[in-house]
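Only one structure is covered here, and it is reproduced in the block below.
Residue numbers (our numbering): 258 to 500.
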């Protein structure tokens, strides 16, 4: 009987001692919860937010914090993922970095139907949809005016999220086009004709072969005009594209 009582006493001491030691360490679940709470607050402007922080190893031994845990994300949750730094201010300071992933609904610009390469986009080709952030490309468009009047570099099926790399400004001048060369300034203007050697968009510089065979370079303007010298600077000023 005495031996049995002694055994129970030792077991009780070990159990209480283990509980005491556990109370000295910070709960890993609380660290993860702090990271998720911070991430959730950072994304309050989005809809249907889903947050998932990596589990903190149960073997992590950090002194139990005597104050509310603090959390920051130096680089933010760019692209729906990032690192949240969870720290304890007192009595013993420590910091742990917790990877966090987030998904949320974003309004994006998509193709309303299949679009062909080189197609000039109009408002009826586009629509706004909500998509989960985790499935979006690194860059995407969010407003119809960002794509209207642009052309496609490649064909895209309906429902495709449009991104800047898929678009380009329409060609204002094409190789072989007859263009009007305009040189001079506001006081004296000289006009001549030539043929474009390369394609060009508005305000882009292109080479032109004059009727005498000379090759000159100028800035593309409207109506198959190419401006040279002071005239080119003037058109850039008028369109707000002066460098």
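Just so it is clear, CB atoms sit at the ideal spot from N, CA and C, and this is done for glycine as well.
Checklist entry - Do you know how far the Cα of residue 307 is from the Cα of residue 388? => result Distance between the alpha carbons of residue 388 and residue 307 is about 13 Å.
Checklist entry - Which whole-angstrom value is the C-beta distance of residue 423 and residue 413, which I expect to be below 8 Å? => result Confirmed, Cβ separation roughly 7 Å.
Next on the checklist: Which residue marks the beginning of the alpha helix (DSSP H) containing residue 286, and which one marks its end?
Outcome noted: Per DSSP, residue 286 belongs to the alpha helix (DSSP H) from 285–299.
Item to check | Residues that residue 412 bridges to, as DSSP identifies them | outcome: Paired residue(s): none; residue 412 is not in a bridge.
Item to check | Burial state of residue 483, where buried means 16 or more other Cβ atoms lie within 10 Å | outcome: Residue 483 comes out buried.
Item to check | 8 Å contact criterion, which residue 317 and residue 366 should meet: CB distance rounded | outcome: That pair is no contact at about 44 Å.
Checklist entry - With 16 other CB atoms within 10 Å as the buried threshold, where does residue 337 fall? => result So residue 337 ends up on the buried side.
Checklist entry - Among the residues of its own chain, which have a CB less than 8 Å from the CB of residue 501, if the five just before and after it don't count? => result Examination of residue 501 is not possible in this model, given that the chain is present from 258 through 500 alone.
Next on the checklist: Can you tell me whether residue 390 is buried or exposed? The criterion is at least 16 other CB atoms within 10 Å of its CB, across all chains shown.
Outcome noted: Buried.
Next on the checklist: As a quick exercise: from 442, 477, 439 and 445, pick the residue whose alpha carbon is nearest that of residue 454.
Outcome noted: Taking only the C-alpha atoms, the option nearest residue 454 is 477.
Checklist entry - Closest by CA to residue 281, which one among 315, 319 and 313? => result Per the Cα distances, 319.
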